[in-house]
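The structure under discussion appears below in the form of structure tokens.
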Amino acid sequence: MLKSSIEKQVLSLDNRKFLFLDTIIFLLAPLISAIIRLDNLSSLGQYASGLIIATVIFLVIKLGIFITCNLYKHYWRYASIDEIIKIAALIVAAIILEILVFGLIELIFSVRLIPSSLPLLDGILSFILVGGTRFSIRALERNQQKTKQFLRRDHGVPGSPDRVLIAGAGNAGVALLQEIQRNPKLGLYPVAFIDDDPRKINLKIRGIPIVGNRFDIPEVISSWNINQVVIAMPTAPGQVIREIVDIGQAIGVKTSTLPGIHEILNDRQNIKVVREVKIEDLLRRESIKTDTEGVLQFVQGKKILITGAGGSIGSELCRQIFRCRPAEIILVGHGENSVFNIEQELKQALQILRQEANSSRKLTRIAAFIADLRFRDRLENAFAKYQPDLVFHAAAHKHVPLMEANPPEAITNNVLGTKNLLDLAIQYEVQHFVMISTDKAVNPTNVMGASKRVAEMLVLQAAKKTGKPFVVVRFGNVLGSRGSVVPTFQRQIAKGGPLTITHPEICRYFMTIPEAVQLVLQASVLSHHGQIFMLNMGQPVKIVDLAKDLIRLSGYEVGKDIEIVYTGLRPGEKLFEELLIPGEKYTETEHEKLLVVDNASSMVPLTLNWPIAALCKAAAQNDRNTILFLLEQLVPGYQPKYIKTDFVQEASREVANEAKIRRI
């Protein structure tokens, strides 16, 4: 009962009570220090008057420093090593000041009031007592939490917390452990760590042992009665995450994770938030080393226009560019709802900055502009009004089967829209132009890919004409984007299956959206005129493996709970995507994840203007066959399927006549 009462009193201590306690400590510490220094009470007489003066001076100096440095504004229940260091630094400052004061008194009055070592002894004792009173709160609360967790730790008892194995004893793992120990409501009881660093094995962190590496997980789960594994390795590659998840699933133990480094860096997640493992975690690569300073200098203070701003890539571009403090971001898009959503997100972030920032700092302006890239006059209004310095072109039709069925839409949006943007970028002297392209533009077998290849040619032609850094960034599929295979699979799983895949051997390159955008910005910094950058997408992933992973992560068994059905390749679909067009030569850049095509401009036809005009005219007339024929002439290797078998001969004569007329 008495123990409980004392604990309650200690836990109720606040800063006003600490001020009172510190005053008592500072009054008693000089006396206790003097007794320790002089070894007996009889020697105190000769220093009695000096000790009284010292006690008053020490009290004034220490309290003055503590109050001035806001030590009484801390919440001591969550005290850490930072607070210990601060207390130590303040005590050292007080000791130095006390030595100076009494040294000055001795110099002026030629009298030694106290032993010369008294300020040091007093400071050490004060540090022990002041720190002890503060950290008694933390220690008592920790002890209470451990007691509650111990009483509820038994596996299988209703309401008992999950016995947790933390995979990763680095900073993230320690932060997670602290959060679990501080917050019993999480329902987690930390039992042990595993870590691949052999130097950490058999050590303890906050009383929790590090019992092995990830290959010891089955044995650890069995011997320590674990019923949840939490992966605390934000920078670990997907292969490591997959291994741990596979072990957990094989044994029947729940596996969860902390967010990946991209989520943390992009303010999507707190490092201490435990969530379920997602497919993005299994495909995660090592974190990208970005030239943050270079990107900041490239973007800071500039007016930036982003097309497709409401889309998956466009909106992430907006978020990452916003953090680099541009002067203005112009959100251009055709879908008003998606543009509105990203506008509101950025304005909310701006509101927070406005509350925190100094009044002298200029904050980014956000402007939403609804426009269809096909309408040049409307688009010109945006350029005339905002005068952008940089343009990021992320707007495009990307759905392969839909564009195969609707070629005019692919041309008017992907080709004519890009041409309008480039013409205006040249007219309004834009400094940089960056177009987001796709690996489907390489040896295209579909209208969408062919239209994006033509758009690439337009950018390279504009770069040659202006000598400015107008560039293309080409990459594969991004996880989580609208129209991606992953959301489709998730919807099919939610309905109980089956999951539909076109072919068992079909493969695709994948990258997360934040990762892709980081590399787009990095490529922009490295860009010179007329270049195509390719992102290092890693190894291609079999779609059937992706489907199986999603089924397992959703808690089902492949073939038993949810079936996988093969439907056959769709029109224009390839089994394997490629990254290079025949004849293209690439070299590595200073960034390990970026490659650049050296001879990109030489792959563009010398005559491009009138075929593009003819292509746009055919699109305006909904002339499917003429569109396919012109794409075939513009894009080497593209072999479309015509509706009329004799169309090619007719179109060839028409194109030859058109070319003859233009030469005349």
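Counting from 1, position 480 in the sequence shown corresponds to residue 479 in numbering that gives the first Met the number 0; the numbering is continuous, with no gaps. All C-beta atoms in this analysis are idealised placements derived from N, C-alpha and C, irrespective of residue type, glycine included. Model, not experiment: these values are computed from the prediction.
Neighbourhood of residue i by C-beta, 8 Å cutoff - its chain only, sequence neighbours within 5 removed
i, result
"Leu128", "Ile24 and Ala28"
"Asp215", "Ile193"
"Val677", "In the structure as shown, the chain begins at 0 and stops at 663. Residue 677 is therefore absent and cannot be evaluated."
Neighbourhood of residue i by C-beta distance below 7 Å, restricted to the same chain and skipping five residues each side
i, result
"Val634", "Pro443, Ala449, Arg452 and Val453"
"Ala424", "Val390 and Phe432"
"Ile320", "Val298, Ile303 and Ile328"
"Leu176", "Ile165, Pro189, Ile204, Arg205 and Ile207"
"Gly130", "Ile83 and Ile86"
"Asp195", "Asn212 and Arg213"
"Lys301", "Pro325, Ala326, Asp388 and Leu389"
"Ala168", "Phe192, Asp194, Lys199, Ile204 and Ile209"
"Leu627", "Pro406, Pro639 and Tyr641"
Cα-Cα separation, residue i to residue j
i, j, result
"Lys616", "Val414", "12 Å"
"Gln632", "Ala166", "56 Å"
"Glu587", "Val276", "33 Å"
"Leu164", "Ala546", "28 Å"
"Pro610", "Leu629", "7 Å"
"Asn535", "Glu455", "19 Å"
"His527", "Ala249", "51 Å"
"Leu607", "Ile410", "15 Å"
"Ile270", "Gly172", "Note that Ile270 scores 47 on pLDDT, short of 50, meaning its location in the model is unreliable; the coordinates nonetheless yield the value given after this. Each residue's alpha carbon lies about 10 Å from the other."
"Leu568", "Leu202", "55 Å"
"Lys592", "Leu518", "8 Å"
"Phe108", "Arg198", "59 Å"
"His396", "Arg274", "33 Å"
"Ser32", "Asn182", "40 Å"
"Gln238", "Gly495", "28 Å"
"Ala381", "Glu344", "21 Å"
"Gly537", "Gly554", "28 Å"
"Leu349", "Cys323", "13 Å"
"Arg364", "Leu187", "44 Å"
"Phe126", "Asn69", "16 Å"
"Ile225", "Gln354", "46 Å"
"Ile230", "Asp280", "10 Å"
"Pro217", "Thr234", "23 Å"
"Ile492", "Val557", "11 Å"
"Ile561", "Thr487", "14 Å"
"Ala664", "Asn14", "Residue 664 is absent from the model: the chain starts at 0 and stops at 663."
"Pro400", "Thr566", "14 Å"
"Gln714", "Glu408", "Outside the modelled stretch of the chain, which goes from 0 to 663, sits residue 714, for which no answer is possible."
"Ile179", "Arg507", "39 Å"
"Arg623", "Ala613", "12 Å"
"Pro114", "Phe134", "31 Å"
Cutoff 6 Å; reference residue i; Cβ partners in own chain excluding five residues on either side
i, result
"Val458", "Met434, Phe469 and Val471"
"Leu420", "His392"
Simplified DSSP state of residue i, which is helix, strand or coil
i, result
"Pro208", "strand"
"Lys361", "coil"
"Phe19", "helix"
"Arg322", "coil"
"Val129", "helix"
"Leu202", "coil"
"Pro29", "helix"
"Ala393", "coil"
"Gly274", "It is Arg, not Gly, that sits at residue 274 in the sequence shown. Three-state DSSP puts Arg274 in a strand."
"Gly122", "helix"
"Leu164", "strand"
"Ile369", "strand"
"Ser566", "It should be noted that the sequence gives Thr, not Ser, for residue 566. In this structure, Thr566 counts as coil in the three-state DSSP scheme."
"Lys302", "strand"
"Gly313", "helix"
"Ile681", "Any answer about residue 681 is impossible in this case: the structure gives the chain only from 0 up to 663."
"Asn14", "helix"
"Glu587", "strand"
"Ser335", "Here residue 335 is Glu; the residue named in the question, Ser, does not match the sequence. The answer is helix: DSSP assigns Glu335 an H, G or I state."
"Tyr188", "strand"
"Val603", "coil"
"Thr487", "helix"
"Lys346", "helix"
In the segment 395 to 483, which residue ranges form an unbroken beta strand (DSSP E) of at least 3 residues, counting only runs that do not cross its ends? Counting only runs of 3 or more residues that sit fully inside the segment 395 to 483, the beta strand (DSSP E) segments are 431 to 437, 469 to 474 and 476 to 478, in chain order.
Along the chain, which unbroken stretches of the beta strand (DSSP E) at least 3 residues long are found entirely within the segment 508 to 537? Qualifying beta strand (DSSP E) stretches, in chain order: 509 to 511 and 530 to 534.
At least three beta-carbon pairs within less than 8 Å, the segment 313 to 324 to the segment 375 to 382: Not touching, per the Cβ criterion.
In chain order, each beta strand (DSSP E) run of at least 3 residues that lies wholly inside the segment 218 to 261: Runs found: 227 to 230 and 253 to 256.
Give the list of continuous alpha helix (DSSP H) stretches no shorter than 4 residues that lie fully inside the segment 37 to 108. Counting whole runs of 4 or more residues, the segment 37 to 108 contains the alpha helix (DSSP H) stretches 47 to 67 and 80 to 108.
Can you list, in chain order, the stretches of the alpha helix (DSSP H) that have 4 or more residues and sit fully within the segment 612 to 646? Fully contained in the segment 612 to 646 are the following alpha helix (DSSP H) runs of length 4 or more, in chain order: 623 to 633.
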